[in-house]
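**Student:** Structure incoming, see below.
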Ligand SMILES: Nc1ncnc2c1ncn2[C@@H]1O[C@H](COP(=O)(O)OP(=O)(O)OP(=O)(O)O)[C@@H](O)[C@H]1O
Ligand SMILES: Nc1ncnc2c1ncn2[C@@H]1O[C@H](COP(=O)(O)OP(=O)(O)OP(=O)(O)O)[C@@H](O)[C@H]1O
Ligand SMILES: Cc1ncc(C[n+]2csc(CCO)c2C)c(N)n1
Ligand SMILES: [Mg+2]
Ligand SMILES: [Mg+2]
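Protein chains in written order, with my numbering: chain A, 13 to 269; chain B, 13 to 269; chain C, 56 to 317; chain D, 23 to 362; chain E, 8 to 264.
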């Protein structure tokens, strides 16, 4: 156990109740230490507990067993200090707010002044390529566009800890790769901690310092793979043999499940 | 124009209205002929109009201009004959039905007898790996599991025409690849027409007879690529140079946008 | 209802009781209001009267309550049917809704003779009047539920070329159940009101009769005890709807309230 | 005009009309034939105001006449004229002026007996308000039930030379006396037999109250009478005569022993105290059989009083044209019934 | 535009047809009514024309009482819903209490309010207040608590306090329900105001006019007052639905074709 770790996940288990009152064992004894400024990915098959783990870290869910420490305090305290920025698996936009105002939402909450709000909104919408849609309502957007609004909203916070749950799953490969790079650029400038849920192995390799592979039923940590590719990473790195070998290493640890 | 085509899309354009009443040009003059039994993919960046086109074919939307013919009749007539099976981009499950009963929904509508219903449900849930969750409610499932229920529901219909809107986007690569193969197996056995929206190039190459690449703002057909890989296709084909060359061909046509 | 909620409810009623008691006390002793007994009588006295006359009041209450149930059943059914008709056709809604509002503006005093002439039977007229008073909130709520159905959920049905009956049975109705139940929660106590009003249209017994006679006969204590009884019936009817809601909406198991706030 | 007159009814005065006519008025045969069902619509709640009918019912006088009676209570939302015209009830109790108004509008209703011979309406005030004569009403807030009950007040006000719109403020009363007790109004409408008694029972001593009596100021209009739909009457003459017979007998008995009558009414409905019911019975007796009135003539229609009622109704705006008394009223059945 | 035209033309033409049937004695034949029981439209109209100023004055009195009472009652109802939302444990009782009030008939309430308020207006407002509380409380409660999945999680992740959650999430979310309640309350406030006037210490208002005239066999007068009440009700309803269309245009109910 590393005392200096920014996020300590200690033997976390999670049981849900099904509608007959039986336990569904979603996570089993997961322990991970995450360093400050680290970019870590959670990888695993559908239903293995990635979202569950993320929600526990974000204090949206209490673990049934075990404990999570974030910045030396409870997740709740961290949450109360507004240190989290979360991209949810479904975009969770507010129907009554336009794109612009959905992104503005957390900024209002953080008492950021209006001009700063506007400039951040501009910047993030630019980043995700939605500048022309800023006055649209969510129901007027395509699925991928909605997801991008959710990304812009989380990035606009410039959070200490960025939790992203399959943020790019609804995006085409090009937008995805572009946003991968943008994300890395932002991250390297600000040195925030990122926990990134994905089911795309090469994405996880491209982005992360470490990749945590979860196996399902119940969700267990089956491997942690260090990604020792140099940074800054650019598009070209995807073509290198090191990259491929890491991808297949992970794929194997995955398949071994 | 091919008179024998199962689905004829003729110069279809689509305008939405934004909230100021201005037109949003979503599709511009798209024409595609799709043969009976063909597996065709729609590929394109987020917001380029893939869903819009699919919805027009499915008679969920009227094109602003142009016309679509399906099986020699209007999409409406085809819809009324219950020939469509659709996987929506978000799973669209009914909260008040369990997994099992969500899959059952279209079967009830098609007046299929109860034993047949049950056997089809079993089979499809088996296929998507949700047998153990058949009595759960949608809110008790992970994102990817919900999407798989949507897939099972569409397959259970055994439709003439299968329209799939990014069905595997929330799935991990392994599940995805497995389902890719399952889908091909089912398709080759039944020889149904499939229109498959995806933003995953290699998936589109693996699955399709032809890949239609759309470019955005407004959505236009920028290329149609024939995939002349032999069938039946198995996992191994993904490693062949032909596969790679097709992928990069499409990637290029894509990037050329 | 669990023990906790019962307790909460008890605290509520105790609180209201105490406040009321205080109010009555100050009316008598601080404001020296000579109308105190009819403005705000001591609740303990009302309850004492209620206890003393429990036999007659509960009998009268039962008569009224059973009529309320009939009126409610009919009114709610009409409300649901109207809402469905209005949701099936926008034109129907545009035609009907304004006239439903108009219908609600016709007081029973003007309506009763017309209804009687229609059905030529006093008991039937009474039931119709009770239903007439009850149906509107059900219709309005149900309609707003039917109109709130997510568009993608509708499209799924549409893609199956589902017929109207299955669309309603399998989608629209289940979806709008929570809305319907809101309407029923409003309508259930209202049906007690309606039934009381119908009592007043020349019935021989019922809590409405007690209310009217005691009001005009100057028996203030019975009047207030009857008011309490009708309120109590309202609460009972409300709880019946709540129980029904639990039974009919099992999938709505508070998965929204689970994530509390700080 | 007052709708169809008594002629049509008179023409069928033979016993041919009714199927139950064979049982006639002989008191013994009633038990064999099925009794005729009759519904009576009261103008107000079941109280000693209507004790005659309750006594007759209780003592079986209707049964003796081969009548199965149902007495429908009234209330603030019930208009007896409409109930009878629509056929909800066969026979109704209402105030004469109100009936005249309906007749004037074309409702085919006819008065057949006058139960109350005097007006029972009072204007009651607290002595401290200083209202001793109608003229003292000037500048006061005066309560009325309206809806046809205001014309005696109009007559009283204008007979004192006051203008009812300018010289005082007439407001609506809610059928309780609370507004007077609460000093929201200075004078309130009250019936001698009911509201006035309620005031006393509420603890206000009689000495603190002053009342203006319509009869004393010669502005009385007739109140409780029996009326029917002419069409119905034509088909049910015999039953109706038998009904009148039993009712008169009931009233006679009730006025003889109001205490007992009050008790009988109390047993019908206990929401009002026995004490008040008995008080009411005693007061009502004074209206049905006033001093000097022959108890055998209960229900007698005094054309002079009717005429005065009609005159005031016309003068103070209830009626727009004079009522033809001969068509509004038909005494024939009462005469048949009263003839022993 | 044509849609708007249709939406007024249809009800209007039905109304005209109804009036015509009524005028020509259709209802009288059907219901076996005499014109002196139910006057014909022209009779009502000419009576109304003769007494228009008085009728309008009475209408003003009733409508203003109804509106003020509705505003107070709806506000109280809303407040109760808020309490029930913010303090779920305790607020639950408030909803029960409010439904108890809903079971006290106007006929009993009016004399009570006569004691409490010496003026007709005060009494009217008092009655309407009590009558309109429940519909608002119950509907607003549903609107405040029936949130889309995860929308509360989003707020929680911002460490939003109750106040913020309330104003930024619950309040906009409950708007559609509030409008439903207002539509119900429009009618119930009018009828409550009217019936309260049956017993008010005053001789003005539509209720007095209706009752006084109907009792005195002045049917045309009585029905002209009923007509005015109906018209006032419609106008109030139209105002509410116009505001609704503007305020909740993002909601599904405003988007169905
Ligand atoms: N509210 C709930 N009630 C009951 N079971 C639940 C609930 N939420 C999740 N589960 C179960 O917990 C397990 C893990 O779910 P989770 O959402 O964490 O998966 P995931 O790894 O995010 O999957 P995906 O990639 O499909 O999103 C699943 O088996 C799911 O059925
Ligand atoms: N209801 C609507 N109202 C207005 N504009 C809309 C509506 N639906 C879609 N659009 C617009 O039409 C364009 C195409 O949307 P569509 O959903 O077809 O994209 P897509 O190709 O499916 O994208 P994605 O991959 O992100 O799902 C987008 O620009 C979107 O903003
Ligand atoms: C419908 C109607 N309601 C009340 C009265 C007035 N009124 C007549 S008798 C009576 C009871 C006296 O105890 C009252 C209040 C009426 N004439 N008509
Ligand atoms: Mg997940
Ligand atoms: Mg799409």
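C-beta atoms are modelled at their ideal positions from N, C-alpha and C, and glycine is treated no differently.
Everything numeric in this text was worked out from a predicted model, so none of it was measured.
Regarding residue 207/C and ligand 5, is the C-beta to nearest heavy atom distance less than 7 Å?
**Tutor:** One-based indexing of the third chain puts residue 207/C at position 152. Residue 207/C Cβ: outside cutoff for every heavy atom of ligand 5.
**Student:** To which residues of the same chain is residue 140/C closer than 6 Å at the C-beta, ignoring the five residues directly before and after it?
**Tutor:** For the purposes of this step, residue 140/C is identified with residue 85 of the third chain, where counting begins at 1. If we look at residue 140/C and ignore the five residues flanking it on each side, its Cβ neighbours are 147.
**Student:** For residue 23/E, count neighbouring C-beta atoms within 10 Å of its own C-beta (all shown protein chains included) and say buried if the count is 16 or more, exposed if not.
**Tutor:** Stepping through the fifth chain from its first residue, residue 23/E is reached at position 16. By the 10 Å Cβ count, residue 23/E comes out exposed.
**Student:** When you compare only the Cα positions, how much space is there between residue 209/B and residue 174/B?
**Tutor:** By one-based count along the second chain, residue 209/B stands at place 197. By one-based count along the second chain, residue 174/B stands at place 162. Distance between the alpha carbons of residue 209/B and residue 174/B: 11 Å.
**Student:** Once the 5 residues before and after residue 22/B are set aside, which same chain residues still bring their CB inside 8 Å of it?
**Tutor:** As a position in the second chain, residue 22/B is number 10, starting the count at 1. Correct list, in chain order: 13, 43, 78, 79, 80, 81.
**Student:** Which residues mark the beginning and the end of the alpha helix (DSSP H) in which residue 326/D is found?
**Tutor:** Residue numbering aside, residue 326/D sits at position 304 when the fourth chain is read from its first letter. Unbroken alpha helix (DSSP H) run through residue 326/D: 325-337.
**Student:** Beta carbons nearer than 8 Å to chain E: which residues of the segment 107-119 of chain C have them?
**Tutor:** Listed in sequence order: no entries.
**Student:** Taking residue 37/A as part of the beta strand (DSSP E), name the residues at either end of that continuous run.
**Tutor:** The residue given as residue 37/A occupies position 25 in the first chain. Looking at the DSSP string, the run of the beta strand (DSSP E) that includes residue 37/A is 35-46.
**Student:** When the Cα of residue 230/A is compared with those of 25/A, 20/A, 18/A, which residue comes out closest?
**Tutor:** Start at 1 with the first residue of the first chain, and residue 230/A comes out as number 218. Closest option to residue 230/A, Cα to Cα, is 25/A.
**Student:** Are any of the Cβ atoms in chain E nearer than 8 Å to that of residue 117/A?
**Tutor:** Translated into positions along the first chain, residue 117/A becomes position 105. Output row for residue 117/A: interface = yes.
**Student:** Cα separation between residue 209/D and residue 172/D?
**Tutor:** One-based indexing of the fourth chain puts residue 209/D at position 187. One-based indexing of the fourth chain puts residue 172/D at position 150. Computed Cα separation, rounded: 13 Å.
**Student:** Specify the secondary structure class of residue 121/C as computed by DSSP and reduced to three states.
**Tutor:** As a first step, residue 121/C is located in the third chain; it is residue number 66 there, counting from the start. Residue state, collapsed to three classes: helix.
**Student:** With a threshold of 8 Å between beta-carbons, can residue 285/D be considered close to chain E, or not?
**Tutor:** In the fourth chain, residue 285/D corresponds to position 263, counting from 1. With 8 Å as the cut-off, residue 285/D does not count as an interface residue toward chain E.
**Student:** I need the DSSP call for residue 46/D, collapsed to helix, strand or coil.
**Tutor:** The sequence position of residue 46/D within the fourth chain is 24, counting from 1. Residue confidence for residue 46/D is low, a pLDDT of 44 falling below 50, so the modelled location carries little weight; the figure read from the coordinates is stated next. Residue 46/D: coil per DSSP, three-state reduction.
**Student:** Kindly list, in the order they appear in chain E, the residues whose Cβ is closer than 8 Å to that of residue 203/C.
**Tutor:** The residue given as residue 203/C occupies position 148 in the third chain. Ordered by position in chain E, the residues that pass the 8 Å Cβ test against residue 203/C are 183, 258, 259, 260.
**Student:** What number of angstroms, rounded off, separates the C-alpha of residue 213/A from the C-alpha of residue 221/A?
**Tutor:** Stepping through the first chain from its first residue, residue 213/A is reached at position 201. Stepping through the first chain from its first residue, residue 221/A is reached at position 209. Residue 213/A and residue 221/A: Cα-Cα distance of roughly 13 Å.
**Student:** Would residue 180/E count as contacting chain D if we go by Cβ distances under 8 Å?
**Tutor:** Locating residue 180/E in the fifth chain gives position 173, counting from the first residue. Cβ-Cβ to chain D under 8 Å: no for residue 180/E.
**Student:** From residue 161/D to residue 175/D, what does the alpha carbon distance come to, in whole angstroms?
**Tutor:** Taking the first residue of the fourth chain as position 1, residue 161/D is located at position 139. Taking the first residue of the fourth chain as position 1, residue 175/D is located at position 153. Taking the straight line joining both Cα atoms gives about 15 Å.
**Student:** Inspect the beta-carbon positions of residue 141/D and residue 243/D and report whether they are closer than 8 Å.
**Tutor:** Along the fourth chain, read from residue 1 onward, the residue named residue 141/D stands at position 119. Along the fourth chain, read from residue 1 onward, the residue named residue 243/D stands at position 221. It is a contact, given that the beta carbons lie within the stated cut-off.
**Student:** Could you work out which residues of chain E lie near residue 168/D, taking near to mean beta carbons separated by less than 9 Å?
**Tutor:** If you number the fourth chain from 1, residue 168/D lands on position 146. Near residue 168/D (Cβ distances below 9 Å), the residues of chain E are 210, 215, 218, 219, 222, 223.
**Student:** For ligand 5, is there a heavy atom less than 7 Å away from the beta-carbon of residue 159/B?
**Tutor:** Position 147 of the second chain, counting from 1, holds the residue named residue 159/B. No, ligand 5 has no heavy atom inside 7 Å of this Cβ.
**Student:** Among residues of its own chain, excluding the 5 on either side of residue 183/D, which ones have a beta-carbon nearer than 8 Å to its beta-carbon?
**Tutor:** Here residue 183/D refers to the residue found at position 161 when the fourth chain is read from its first residue. Excluding positions up to five away in sequence, the list reads 157.
**Student:** List the endpoints of the continuous beta strand (DSSP E) containing residue 60/B.
**Tutor:** Walking along the second chain from the start, residue 60/B turns up at place 48. No beta strand (DSSP E) holds residue 60/B; DSSP gives it neither H nor E.
**Student:** Between residue 164/D and residue 191/D, how many whole angstroms is the CB-CB distance? I'm expecting something under 8 Å.
**Tutor:** If you number the fourth chain from 1, residue 164/D lands on position 142. If you number the fourth chain from 1, residue 191/D lands on position 169. That belief holds up - the Cβ atoms of residue 164/D and residue 191/D are roughly 7 Å apart, short of 8 Å.
**Student:** What number of angstroms, rounded off, separates the C-alpha of residue 43/D from the C-alpha of residue 260/D?
**Tutor:** Translated into the one-based positions of the fourth chain, residue 43/D becomes position 21. Translated into the one-based positions of the fourth chain, residue 260/D becomes position 238. Its pLDDT being 41, under 50, residue 43/D is placed unreliably by the model, and nothing is read from it.
**Student:** Nearest CA to the CA of residue 285/C: which residue from 301/C, 200/C, 252/C?
**Tutor:** Numbered from 1 along the third chain, position 230 holds the residue referred to as residue 285/C. Comparing Cα-Cα distances from residue 285/C to each of 301/C, 200/C, 252/C, the minimum goes to 252/C.
**Student:** Is the beta carbon of residue 112/A closer than 8 Å to that of residue 147/A?
**Tutor:** Locating residue 147/A in the first chain gives position 135, counting from the first residue. Locating residue 112/A in the first chain gives position 100, counting from the first residue. Taking 8 Å as the Cβ cut-off, residue 147/A and residue 112/A qualify as a contacting pair.
**Student:** Excluding sequence positions up to five away, which residues of its chain have a Cβ less than 7 Å from the Cβ of residue 234/E?
**Tutor:** Within the fifth chain, residue 234/E is the residue found at index 227, counting from 1. Same-chain partners within the cutoff: 51, 55.
**Student:** State the DSSP-derived secondary structure class of residue 72/A, mapped to helix, strand or coil.
**Tutor:** Position 60 of the first chain, counted from the start, is the residue given in the question as residue 72/A. Looking at residue 72/A - three-state DSSP - the assignment turns out to be coil, as it is neither helix nor strand.
**Student:** What residues from chain C crowd round residue 223/D, counting only those whose CB sits closer than 8 Å?
**Tutor:** Looking up residue 223/D in the fourth chain gives position 201. Ordered by position in chain C, the residues that pass the 8 Å Cβ test against residue 223/D are 273.
**Student:** Going along chain B in order, which residues have a C-beta closer than 7 Å to the C-beta of residue 57/A?
**Tutor:** For the purposes of this step, residue 57/A is taken as the residue at position 45 of the first chain. Under the 7 Å cutoff, chain B gives 184, 186, 187.
**Student:** From the DSSP secondary-structure annotation, give me the bridge partner or partners of residue 80/E.
**Tutor:** Translated into the one-based positions of the fifth chain, residue 80/E becomes position 73. DSSP output for residue 80/E lists no bridge partner at all.
**Student:** Please confirm if residue 301/D has its CB atom under 8 Å from at least one CB of chain E.
**Tutor:** On the fourth chain, position 279 is the one that residue 301/D refers to. So no, residue 301/D is outside the interface.
**Student:** Indicate, with yes or no, if ligand 1 has a heavy atom lying under 7 Å from the CB of residue 153/B.
**Tutor:** Your numbering for residue 153/B matches position 141 in the second chain. Yes - ligand 1 has a heavy atom lying nearer than 7 Å to the Cβ of residue 153/B.
**Student:** For residue 91/B, name the three-state secondary structure that DSSP assigns.
**Tutor:** Locating residue 91/B in the second chain gives position 79, where the first residue counts as 1. Reduced to three states, the DSSP call for residue 91/B is helix.
**Student:** Could you spell out the range, first to last residue, of the alpha helix (DSSP H) harbouring residue 178/C?
**Tutor:** The count along the third chain starts at 1 and reaches residue 178/C at position 123. Its alpha helix (DSSP H) spans residues 177-202.
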